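S.K.: My questions will all concern the structure given below.
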Amino acid sequence: MASANAPAHRSLYGVRSTAPNQSQPHTPPRSPHVLSGSYGSPSAVRAEDDFVLIEIGSRFIRAGFAGDPSPKAVEFWGPEKQRRVGDLGAWQLQQQTAKDTWAADYEIWRFNLRDFDLDLFQHRLDRLLRDAFTRCLLIDSRPRRMGLVLDPAVPIPLLSAVLDTLFNNFQTPIVSLLSCPTMSAVAAGVRSALVVDMGWRETVVTSVYEYREVRTTRSIRGGRLLLDGLYDLLRSLLPAGEAEGKGKRLVSFDECEDIMCRIIWCRTCAAKSPRRQSAQLDTVEEQDESDNVEEQADSQMEIALRSTDPPTTLSFPFGKLADLCDDTFFNGSSLPDDNEFPIHLLIYNHLLQLPMDVRAVCMSRLMFTGGCSDILGIKGRIVDEVTSMVEAKGWVPVKGKGFEQARNKRSSQRWSDSTSLAAFENSGGGGGDEQETEEEDDPVEAKIWRNRPVTRPLQGQLRAIHSLGPWAGASLACHLKMVATATIDRDQWQQQGATGASRPSDVDSKAQQRQSGLLRTGGGGGGGGGSGGGGGGHHGNWTLGVWGVMLKLQVATKPRTGRSISRPSSAPKPILDMMHIRKNPKLYEDTCRERRYDSLANNANRIVELYQQLAKLRREGHSLRGRSKVLGRILAEPSATGFYDVNKMMKMMKKKRERDDDECEEKEEVEEEILTREQILSECRDIKTSLVTIEQGEATIESEIEHLALQIPNLHDEATPLNRKRIKQINYVLRPDPTKSLSHLEIGSRLGIIDFASAASASGWGWYYLIGRGAQLENALVQYAITTATERGYVQVSVPSLVYSHIASACGFRPRDHNEKQQFYSVDQSQEDVERGVPGRCLAGTSEIPLAAMKTDTTLAYEDLPIRHVAVSRCYRAEAGARGTNTKGLYRVHEFTKVELFAWLAPDWVTARFMLDEMIAIQLDILEKLGLNCRVVIMPASDLGASAAFKIDIEAYFPSRASRSRKEDDVDAWGEVTSASICTDYQTRRLGTRVRLPLDEKQLSWPYTINATALAVPRVLAALLEYGWDEASNTVIVPECLRPWMANRLIGRPNSPLSQM
């Protein structure tokens, strides 16, 4: 026992409920979690009463029973856990591990699931849990209810693997999901907190307000980064001969971690504030060590390394360890990435982005969890760094010299206004009797307020508090039988899986019904959600809580209208040239009619009318705001008589704004307007109502103006002809005889390489199968086109097939074209998502859309232009409407493969035409080597898309579509196979893509975009079948340029010997 002269904290240290038993090892007794006080009986000892609580981290598993203050089992994963029983490999000489797999053997999981084996993770989890249950918890294999304490950012595949392991291997009937930050707040005894989890992989800052997680930010500055830095330090201190490791770690992971846990320390803040909050308790110090900190930092220390070959002892200054801690958690570049902010800056930015009331509460309840928070001195350092930042910068997110000047100007203006108002009050002559205005003190009421305890929560001051950790908080919550937000039943999970969870809107409504983000007390069922708790598994509607963000894709039966396309707040706002539209409404009207957009011809005139209405509303709003400002200043000044002269105050305010006093006197000769305080308050309420109506009207008009402007097509160039203009033709001598040619449909049917009938059963009319050599021919065309483009300097890109609907609309692709025909397929949305404003998605009709979206809200460097890309993708086109004999077969289908060329270039028309000629040369080179007879045609305005200002098509001659009765050129025999368009700045304005001009770097402009179809695979494939068909041998000759990617030079029937040639 401690002596009486020892400090208080030493006397209390080690106090236990029972004295420790020093006898021989024996089986420990079961904890009293089974029996419940006086109600305990032998019949209550049942497996159903046990609630097992599990916390899973990156490197550990904590397990125990609900109601216990600490977990009974803490299991860590490492190479020793991967050995079988009887494996004596641990006694062998340790081999040096590779650098890239140094820490992977010690991790249970990671959030980056690339190259991550989920089956192996399930085996790890099963082994750790069985070891903890049988060795520490001493429970058998009977089913028990379990609770999972997890990070809210755990991916769905990892969560599914954990739940599958618990339901299948341990037969648990119900699993409750609990969030780590919320449980940390419960363990600290508060409802709101700012939880800083300094873990292994990263540091996570989460603001919890009334048991609801408001915001989460992350940084990669964690334990692994510190351990890697410590290894680099130790390796640099090794002798030159030993430090030369070829791809191997010279110091073992266990030894580095042991050194990190024992001697890593953190310096105090250089700008530490001398003030200490009164709500924070001073730590009882055994002796004053502040004078010896610098001496200890300069002193030498020795570390004996046993894992090196040979073992060695290193000597280095003790302060290097503090420097390593500073570099890991506090130092960094001046412009860090979003995921590598220093810890103090991460916390400050997190608090800065919170609402004012939430920030005031959370900053007074700052708590640290995680293994790295145990580093000596790091908690105080973080608090001091954040405090100094708050004192220096405050809570204003705007910085800069201009902002400081504007703030100083406003403060001086407020001082001058207060001076003038004081002079006005003195000149009014009315002060009244001050004794009459003072309230008489009521002694009885004062005595009541003195005796009434005032419990005001601490707010607005940075304060750190202690938390027992997420496991202890979850143990307390489950022991009190609180109903978890997410409770999953075994039967429902095995039937539906993760896809059966309810949508996030259901989670929100349930959380609101509970009246707090943690929950209410359940009437029965036990900790964390039993059958009587309202979140049990017998309900048809269940959820994964914050872990269950699901996306259900369904193709819409009805296309979206232009009005239904919503743009999320994170998307850039289109910057349209509204001034040009207002000045030239006739030009835009003619453009719409020439392009056959007759329904949009009146958009420009309508925009002019709406701008007039908007200007009128803004004038009315400005007048009402000025009147409201005057009335507000009048109400701020008391009047002895109870009457206020409104016009007199307006006259004084106008004198301040005007320089010519004589002119002001002439303008301000108005009658007196005397109002009472009640009349002024009533008028202020009316003004507020009117301003709300005006602001709503302004927002409606602005939204309609933007919607109308976005629908207007691009202005076409003067070089666009009135009719189609042919300028070039290639491979005329290779044109086949139309009288001897078969359709590609008949050729494909004979050879068995095209199947439309089976695709109609699977997907409907307009889809097809390419079989055998047909699929090989498609792949050969794609590879040939990509090779040709990449040889010309184009960079290949793999693009997504699913894009936002507003992105497709910004690129000129709308749900319906000018003929009111459906253009693309939209992903269906529920009515709840529509009401919540969730942005819609659609299948990309061409890779031009995702390519253009690559530079959304980006500023390009002028010297990097032009940026040229090539992409191959599946394209999805609805193209509803009647088909004729000229468009049957592969010519017009709903899904096909296409190789696309795309480029951003300087905003110059000459440069754009030069780039267009380059793309057309690539197209002609590809088609000419394929042996197709083609012609180049400049398209008129009536055939241009919404985004194109100039367009050139390349058409191929299809012999099966030519007229058999005449030999002259047949218009119907030609069909488009490629195209190229100049879109000017139509797409970049709508996507927020800018370019910094070379002469003035501060000046930004909008780059031009050009797109071209290198190869539309189905149409070219159809032409190749008709051009290469040999009636005598029933084969198709493969062009020479495609044979490197084809097995044979002939395409015949599957069992024909000619098909092997």
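Numbering (the numbering used here), first residue to last: 32 to 1092.
Ideal Cβ positions, reconstructed from N, Cα and C, are used throughout, including at glycine.
Owing to the predicted nature of the structure, the values given are computational and were not obtained by experimental measurement.
For residue 341, is the classification buried or exposed, using 16 other Cβ atoms within 10 angstroms of its Cβ as the cut-off for buried?
M.R.: By the 10 Å Cβ count, residue 341 comes out exposed.
S.K.: Can we say the segment 887 to 905 touches the segment 924 to 940, given the rule of at least three CB pairs closer than 8 Å?
M.R.: In short, these stretches touch, since the Cβ pair count reaches three.
S.K.: Just verifying my parser: in three-state terms, what is the DSSP assignment at residue 87?
M.R.: The answer is strand: DSSP assigns residue 87 an E or B state.
S.K.: Going by Cα to Cα distance, which pick from 254, 298 and 300 is closest to residue 287?
M.R.: The option with the nearest alpha carbon to residue 287 is 254.
S.K.: Spatial neighbours of residue 227 within its chain, please: CB distance less than 6 Å, with the 5 preceding and 5 following residues excluded, ordered by chain position.
M.R.: Closer than 6 Å at Cβ, skipping near neighbours: 236 and 399.
S.K.: In whole angstroms, give me the CA-to-CA distance for residue 874 and residue 146.
M.R.: Taking the straight line joining both Cα atoms gives about 28 Å.
S.K.: What does the Cβ neighbour count give for residue 592, buried or exposed, with the cut at 16 atoms within 10 Å?
M.R.: Because residue 592 sits at a pLDDT of 46, beneath the cut-off of 50, its placement in the model cannot be relied upon, and the following sentence gives the value as read from the coordinates. Under this definition residue 592 is an exposed residue.
S.K.: Suppose you measure from the CA of residue 441 to the CA of residue 722; what does that come to, to the nearest Å?
M.R.: Roughly 24 Å between the two C-alpha positions.
S.K.: Say whether the segment 961 to 976 touches the segment 1017 to 1026, bearing in mind that this needs 3 or more beta-carbon pairs closer than 8 Å, one atom from each stretch.
M.R.: Counting Cβ pairs under 8 Å, fewer than three are found: no touch.
S.K.: Hey, is the segment 517 to 530 in contact with the segment 408 to 415, meaning 3+ C-beta pairs nearer than 8 Å?
M.R.: The segment 517 to 530, when compared against the segment 408 to 415, does not touch it at the 8 Å Cβ threshold.
S.K.: Taking all protein chains shown into account, decide if residue 1078 is buried (16 or more other Cβ within 10 angstroms of its Cβ) or exposed.
M.R.: Residue 1078 should be labelled exposed.
S.K.: Report the partner residues of residue 207 according to the DSSP bridge assignment.
M.R.: BP columns for residue 207 point to 178 and 518.
S.K.: Going straight from the alpha carbon of residue 200 to that of residue 173, what length do you get?
M.R.: Cα-Cα distance, rounded: 11 Å.
S.K.: Could you work out which residue in 394, 1052 and 143 is closest to residue 811 when comparing CA atoms only?
M.R.: Comparing Cα positions, the closest option is 1052.
S.K.: Could you pull out every residue in the same chain whose Cβ sits closer than 7 Å to the Cβ of residue 312, ignoring the five residues on either side in sequence?
M.R.: In this predicted model, residue 312 has a pLDDT of only 44, less than 50, meaning its place in the structure is not dependable; the value taken from the coordinates is given anyway. Cβ within range, chain order: n/a, list empty.
S.K.: Just confirm the distance between the C-beta atoms of residue 203 and residue 175, as a whole number of angstroms; I'd bet it's less than 8 Å.
M.R.: Right, the Cβ-Cβ distance comes to about 6 Å (below 8 Å), so this counts as a contact.
S.K.: In this structure, how does DSSP classify residue 356 when only helix, strand and coil are distinguished?
M.R.: Helix.
S.K.: To which residues of the same chain is residue 1029 closer than 8 Å at the C-beta, ignoring the five residues directly before and after it?
M.R.: Closer than 8 Å at Cβ, skipping near neighbours: 893 and 894.
S.K.: According to DSSP, what are the bridge partners of residue 348?
M.R.: The partner list for residue 348 (beta bridge, DSSP) reads 331.
S.K.: Please report the straight-line C-alpha distance between residue 394 and residue 222, rounded to a whole angstrom.
M.R.: Each residue's alpha carbon lies about 13 Å from the other.
S.K.: May I ask which residues mark the beginning and end of the alpha helix (DSSP H) holding residue 157?
M.R.: First-last of the alpha helix (DSSP H) with residue 157: 149 to 163.
S.K.: Buried or exposed: residue 1008, going by 16 or more other Cβ atoms within 10 Å of its Cβ?
M.R.: Buried, because 16 or more other Cβ atoms sit within 10 Å of the Cβ of residue 1008.
S.K.: Would you be able to state if there are at least three C-beta pairs under 8 Å between the segment 102 to 111 and the segment 155 to 172?
M.R.: The segment 155 to 172 vs the segment 102 to 111: in contact.
S.K.: Does DSSP classify residue 869 as helix, strand or coil?
M.R.: In the structure shown, residue 869 sits in coil (DSSP, three-state: anything other than H, G, I, E or B).
S.K.: Tell me which same chain residues have a C-beta within less than 8 Å of the C-beta of residue 968, skipping the five on either side of it?
M.R.: So the qualifying residues of the chain are 755, 756, 757, 758, 983, 984, 985 and 986.
S.K.: Hey, which unbroken runs of the beta strand (DSSP E) at 3 residues or more fall wholly within the segment 206 to 265?
M.R.: Listed in chain order, they are 224 to 229, 234 to 240 and 243 to 250.
S.K.: If you drop the 5 nearest sequence neighbours on each side, which residues of the same chain put their C-beta closer than 6 Å to that of residue 190?
M.R.: Taken in chain order, the residues that qualify are 578.
S.K.: According to DSSP, is residue 200 part of a helix, a strand, or is it coil?
M.R.: Looking at residue 200 - three-state DSSP - the assignment turns out to be helix.
S.K.: Just the C-alpha distance for residue 188 and residue 575, rounded to the nearest angstrom, thanks.
M.R.: Each residue's alpha carbon lies about 13 Å from the other.
S.K.: State the DSSP-derived secondary structure class of residue 524, mapped to helix, strand or coil.
M.R.: Note: residue 524 maps to helix in three-state DSSP.
S.K.: Taking the alpha-carbon of residue 386 as reference, which of 358, 886 and 246 has the nearest alpha-carbon?
M.R.: Closest option to residue 386, Cα to Cα, is 246.
S.K.: To which residues of the same chain is residue 1025 closer than 8 Å at the C-beta, ignoring the five residues directly before and after it?
M.R.: Once the five neighbours on either side are set aside, the close Cβ partners of residue 1025 are 889, 890, 891, 1019, 1035, 1036, 1037 and 1038.
S.K.: If you draw a straight line from the alpha carbon of residue 588 to that of residue 867, how long is it in whole angstroms?
M.R.: Below a pLDDT of 50, predicted positions are generally treated as unreliable, and residue 588, at 35, falls in that range; no measurement from the model is reported.
S.K.: Let me check understanding here. Comparing Cα to Cα, which of 406, 332, 239 and 401 lies closest to residue 293?
M.R.: Residue 293 has its Cα closest to that of 406, out of 406, 332, 239 and 401.
S.K.: For a quick check, are the C-beta atoms of residue 1004 and residue 989 less than 8 Å apart?
M.R.: Yes.
S.K.: Leaving out five residues on either side along the sequence, give the residues of the same chain with a beta carbon under 8 Å from the beta carbon of residue 198.
M.R.: The residues are 206, 521, 524 and 525.
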